[in-house]
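To get this note's numbering, take the position in the sequence shown, counting from 1, and add 51. Inspection log for the structure reproduced underneath, given as structure tokens.
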Amino acid sequence: MALWVILCTLAALLLGGLYLLGMFRRQRPDEPPLDKGTIPWLGYALDFRKDSSGFLKRMQRKHGDIFTVLIGGYYFTFVMDPFCFGAIVKESRSKLDFRTFASKLVLQVFGYKAIKASHSIIHASSMKHLMGDGLAVMTQATMENFQKLMLFNLSSGEEKRVWQEDSLFHYCYNIVFRAGYLALYGTEPHQGADNKEKANEQDRVHSNQLFHEFRKYDRLFPRLASAGLPPKDKIEAERLKKFFWSVLSVKKSWQKDNVSGWIRDQEQLLAENGVPEYMRDRFMFMLLWASQGNAGPTAFWLLFYLMKHPEAMKAVRDEVDKVLRENGQETKPGSPPVITRDMLNQTPLLDSALEETLRLVAAPILIRAVLQDTSLKMSSGTEYTLRTGDRVALFPHMSVQMNPEIHPEPHKFKYNRFVNPDGTRKDFYKNGKRLKYFNMPWGAGVSICPGRFFATAEIKLFVFLMLSHYDLELVNREEEIPPIDISRWGFGTMHPVNDVQFRYRLRF
Ligand code: HEM
């Protein structure tokens, strides 16, 4: 009898194990093509982690616009048909849920254990402070910090009109990160005008140190997110996490000046929802990564493409100069221009150039957990069932942003791709049908980036200041577009593998 029980238990365990490894899963008649790969449980995890875009291209060629693949124990259904995107991102949360996957990820990479209200707290405070009137306040704060970082040692005189050389990715990421960080997380307090310069200097030093630690974490991030870090790097990641929890802690923020309403409100709302202080510290780290991880790299690509395409540089610079002139702002040493949110709304060409940059380099993968069987109709008319327990994923970089049927010559940077000659926005079509989702750098639906208007303002302020103050050029005019780091597909803006040298010189 005992032997019989043991045998049954072993058989049940074996069957359970095989089930978990995916051995019994079969494609049902109404389901998308299923591809489990050859390695049990892992499936295609290694191929996907190595180069998600290359892998998905191969799968699309093999299976078409919808397919389910096994990746590290999870079944992901990738949907490449842009006419289905709306149905997926707008589906009710009871069927396709964004939170399940996102909560797991933020726990793994930031140590933050999300509560139910986290998402609505983020979105409510972003609506208040990163859009509309709140955005005007944030734009001004960011402007002041850009000036603090970029223009503090400018003086007039010919001797200053010498070329200075720097690495473009590092330069852009560094300045945009620090200005955004100081605008959101606050500045060093000071009393009286005498101490102001001292406080400014402290802000410069502190934000620079923070940037250098942030970059260390940033480099580990893709492998941290896919649980692929070797032990040595894991220890380093733990050290960095603790460093950020401490530097960004709620207690330290109470000692700062000019902490944004965005940070203050979220901290307070979390506290009101019973989140303990140590967890609120971790939340602050998550917000730092979300807010600063993409804007700097995007600013790099935008300036790079403008320098690489002189006609684009001229058009955007002329537009910036015109807006400054028409708003009574002259660029003179010693009196930096005041750039307002209204001025940033008068730049259709710069908007198009930024959107074009994002089309080329923003590559998030949007993921929803399937909580109930959900049917999905493709533009071909075929209907599929997404299976409960699976995940559904979109990779708009491949399916729309670089799709030659939607954007002719997709690898080319065309600064005016998104704007008509009269300044209005262009429409985009596939197979003669107008598309709603033709560029998705910010995601879509419930999980759309709540900081997108602030991000846009931040990058545009930076470009305004760079173009109005400096002549800019690549050190090597024939510089090739640097290859991208393919381990970062899915996480936002891509990074270049190598940096690019550029030089800048005061214009006046
Ligand atoms: C060029 C810059 C940026 C890009 C390309 C970008 C893109 C994205 C994307 C694709 C997502 C996730 C969407 C999803 O998973 O479905 C996201 C989430 C988020 N972004 Fe941004 N973002 C940028 C800048 C910013 C800035 C400046 C802020 C804040 C000041 C910000 C705050 C956030 C937050 C808080 C989330 C998480 C939202 C949530 O959990 O619901 N982002 N962003």
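In this text, a Cβ means the ideal position worked out from N, Cα and C, and glycines have one as well.
Check: When you compare each of His114, Val551, Arg376, Met131 to Arg528 by their alpha carbons, which one comes out closest?
Finding: Residue mapping note: residue 528 aligns to position 477 of the sequence shown, counting from 1. Per the Cα distances, Val551.
Item checked: Exposure of Arg77, with buried meaning 16 or more beta-carbon neighbours within 10 Å -> If you number the sequence shown from 1, residue 77 lands on position 26. The residue is exposed, with fewer than 16 neighbouring Cβ atoms inside 10 Å.
Next item on the list: Give the C-beta separation of Arg438 and Glu82 to the nearest angstrom, bearing in mind that I take them to be a contact with Cβ-Cβ under 8 Å.
Entry: Position 387 of the sequence shown holds residue 438. Position 31 of the sequence shown holds residue 82. Rounded, the Cβ-Cβ distance is 6 Å, consistent with contact.
Next item on the list: With DSSP collapsed to three states, give me the class of Glu82.
Entry: Position 31 of the sequence shown, counting from 1, holds the residue named residue 82. When DSSP states are grouped into helix, strand and coil, Glu82 belongs to the coil group.
Margin query: Would you say the beta carbon of Trp493 is closer than 6 Å to some non-hydrogen atom of ligand 3?
Written below: By its list of ligands, the structure shown excludes ligand 3, since it contains just ligand 1.
Notebook entry, point to check: So Glu434 is in the beta strand (DSSP E); what residue range does that whole segment cover?
Noted result: Along the sequence shown, read from residue 1 onward, the residue named residue 434 stands at position 383. Looking at the DSSP string, the run of the beta strand (DSSP E) that includes Glu434 is 434-437.
Check: Is His448 near ligand 1, going by C-beta to nearest heavy atom under 6 Å?
Finding: For the purposes of this step, residue 448 is taken as the residue at position 397 of the sequence shown. Outside the cutoff, so no.
Notebook entry, point to check: Taking 6 Å as the cut-off, is the CB of Ala230 close to at least one heavy atom of ligand 1?
Noted result: Here residue 230 is taken as the residue at index 179 of the sequence shown, counted from 1. No, ligand 1 has no heavy atom inside 6 Å of this Cβ.
Margin query: Here's a check: name, in chain order, each residue in its chain whose Cβ is nearer than 6 Å to the Cβ of Met453, leaving out the five neighbours to either side.
Written below: Counting from 1 along the sequence shown, the entry for residue 453 is found at position 402. Contacts found: Pro461.
Margin query: The alpha helix (DSSP H) that contains Phe504, what's its start and end?
Written below: As a first step, residue 504 is located in the sequence shown; it is residue number 453 there, counting from the start. First-last of the alpha helix (DSSP H) with Phe504: 503-520.
Item checked: Residue range of the alpha helix (DSSP H) that includes Arg229 -> Within the sequence shown, residue 229 is the residue found at index 178, counting from 1. Start and end: 219-236.
Notebook entry, point to check: At which residues does the beta strand (DSSP E) containing Val140 begin and terminate?
Noted result: The sequence position of residue 140 within the sequence shown is 89, counting from 1. It is not in any beta strand (DSSP E) - Val140 instead sits in the alpha helix (DSSP H) that spans 136-141.
Next item on the list: Kindly indicate which three-state DSSP category Tyr555 falls into: helix, strand or coil?
Entry: Counted from its first residue, the sequence shown places residue 555 at position 504. DSSP places Tyr555 in strand when its eight states are reduced to three.
Note to self: Using 8 Å for Cβ pairs, my map puts Phe134 next to Ser430. What's the rounded Cβ distance?
What the structure shows: What you label residue 134 is simply residue 83 of the sequence shown in a count that begins at 1. What you label residue 430 is simply residue 379 of the sequence shown in a count that begins at 1. Rounded, the Cβ-Cβ distance is 4 Å, consistent with contact.
Next item on the list: Say yes only if the C-beta of Ile314 is nearer than 6 Å to one or more non-hydrogen atoms of ligand 1, and no if none qualify.
Entry: Translated into the one-based positions of the sequence shown, residue 314 becomes position 263. It does not: the Cβ of Ile314 is nowhere closer than 6 Å to a heavy atom of ligand 1.
Check: Does the Cβ of Ile173 lie closer than 6 Å to at least one heavy atom of ligand 1?
Finding: In the sequence shown, the residue the question calls residue 173 occupies position 122. It does: the Cβ of Ile173 is within 6 Å (strictly closer) of some heavy atom of ligand 1.
Check: Would the beta-carbon of Tyr95 fall within 7 Å of that of Ile122?
Finding: Against the sequence shown, residue 95 aligns to sequence position 44. Against the sequence shown, residue 122 aligns to sequence position 71. Going by C-beta atoms, Tyr95 is nearer than 7 Å to Ile122.
Note to self: According to DSSP, is Tyr268 part of a helix, a strand, or is it coil?
What the structure shows: Position 217 of the sequence shown, counting from 1, holds the residue named residue 268. Helix at Tyr268.
Notebook entry, point to check: Between Thr238 and Ser450, what straight-line distance do the alpha-carbon atoms span, to the nearest angstrom?
Noted result: Position 187 of the sequence shown holds residue 238. Position 399 of the sequence shown holds residue 450. Cα to Cα, the separation comes out at about 42 Å.
Notebook entry, point to check: Looking at the unbroken alpha helix (DSSP H) that takes in Phe295, where does it start and where does it end?
Noted result: One-based indexing of the sequence shown puts residue 295 at position 244. Segment 282-298, the alpha helix (DSSP H) holding Phe295.
Next item on the list: Name, in chain order, the residues that DSSP records as bridge partners for Pro415.
Entry: Residue mapping note: residue 415 aligns to position 364 of the sequence shown, counting from 1. Answer is Gly541, bridged to Pro415.
Next item on the list: Measure the alpha-carbon distance for Gln111 versus Arg315 and round it to whole angstroms.
Entry: What you label residue 111 is simply residue 60 of the sequence shown in a count that begins at 1. What you label residue 315 is simply residue 264 of the sequence shown in a count that begins at 1. Near 45 Å, if we compare the C-alpha coordinates of Arg315 and Gln111.
Notebook entry, point to check: What residues match up with Gln317 in a beta bridge as DSSP calls it?
Noted result: Residue mapping note: residue 317 aligns to position 266 of the sequence shown, counting from 1. Partner(s): none; Gln317 has no beta bridge.
Next item on the list: Name, in chain order, the residues that DSSP records as bridge partners for Val470.
Entry: Position 419 of the sequence shown, counted from the start, is the residue given in the question as residue 470. The partner list for Val470 (beta bridge, DSSP) reads Arg476.
Item checked: Local conformation of Ala244 per DSSP, three classes -> Start at 1 with the first residue of the sequence shown, and residue 244 comes out as number 193. Here Ala244 sits in coil by DSSP.
Notebook entry, point to check: Is the beta carbon of Thr382 within less than 6 Å of some heavy atom of ligand 1?
Noted result: Taking the first residue of the sequence shown as 1, we reach residue 382 at position 331. The answer is no for Thr382.
Notebook entry, point to check: With 16 as the cutoff for other CB atoms within 10 Å, does Tyr163 come out buried or exposed?
Noted result: Here the question's residue 163 lines up with position 112 in the sequence shown. The residue is buried, with at least 16 neighbouring Cβ atoms inside 10 Å.
Check: Considering only the beta carbon of each residue, do Phe262 and Asn225 sit closer than 7 Å?
Finding: Position 211 of the sequence shown, counted from the first residue, corresponds to residue 262. Position 174 of the sequence shown, counted from the first residue, corresponds to residue 225. Against a cut-off of 7 Å, the Cβ pair of Asn225 and Phe262 comes out as a contact.
Check: Can you give, in chain order, each stretch of the alpha helix (DSSP H) that sits fully within the region 146-185 and has at least 4 residues?
Finding: Counting only runs of 4 or more, we get 150-161, 169-180.
Note to self: Quick check on DSSP: helix, strand or coil for Pro461?
What the structure shows: Start at 1 with the first residue of the sequence shown, and residue 461 comes out as number 410. Looking at Pro461 - three-state DSSP - the assignment turns out to be coil, as it is neither helix nor strand.
Next item on the list: Can you give me the start and stop residues for the alpha helix (DSSP H) that Arg333 sits inside?
Entry: As a working note, residue 333 is residue 282 in the sequence shown. Note, Arg333: alpha helix (DSSP H), 328-343.
Note to self: Applying the 10 Å Cβ sphere with the 16-neighbour rule, what's the burial state of Ala165?
What the structure shows: In the sequence shown, counting from the first residue as 1, residue 165 sits at position 114. Counting Cβ neighbours within 10 Å, Ala165 comes out buried, since at least 16 surround it.
Next item on the list: Please report how far the alpha carbon of Val548 lies from the alpha carbon of Pro534, in whole angstroms.
Entry: Position 497 of the sequence shown, counted from the start, is the residue given in the question as residue 548. Position 483 of the sequence shown, counted from the start, is the residue given in the question as residue 534. Their backbone Cα atoms lie some 6 Å apart in a straight line.
Next item on the list: Just the C-alpha distance for His170 and Leu400, rounded to the nearest angstrom, thanks.
Entry: Start at 1 with the first residue of the sequence shown, and residue 170 comes out as number 119. Start at 1 with the first residue of the sequence shown, and residue 400 comes out as number 349. Near 34 Å, if we compare the C-alpha coordinates of Leu400 and His170.
Item checked: DSSP state of Phe489 mapped onto helix, strand, coil -> In the sequence shown, the residue the question calls residue 489 occupies position 438. Residue state, collapsed to three classes: coil.
Checklist line | Backbone CA spacing between Tyr126 and Pro348 [nearest angstrom] | finding: Working through the sequence shown from its first residue, we reach residue 126 at position 75. Working through the sequence shown from its first residue, we reach residue 348 at position 297. Pro348 has its alpha-carbon roughly 31 Å from the corresponding atom of Tyr126.
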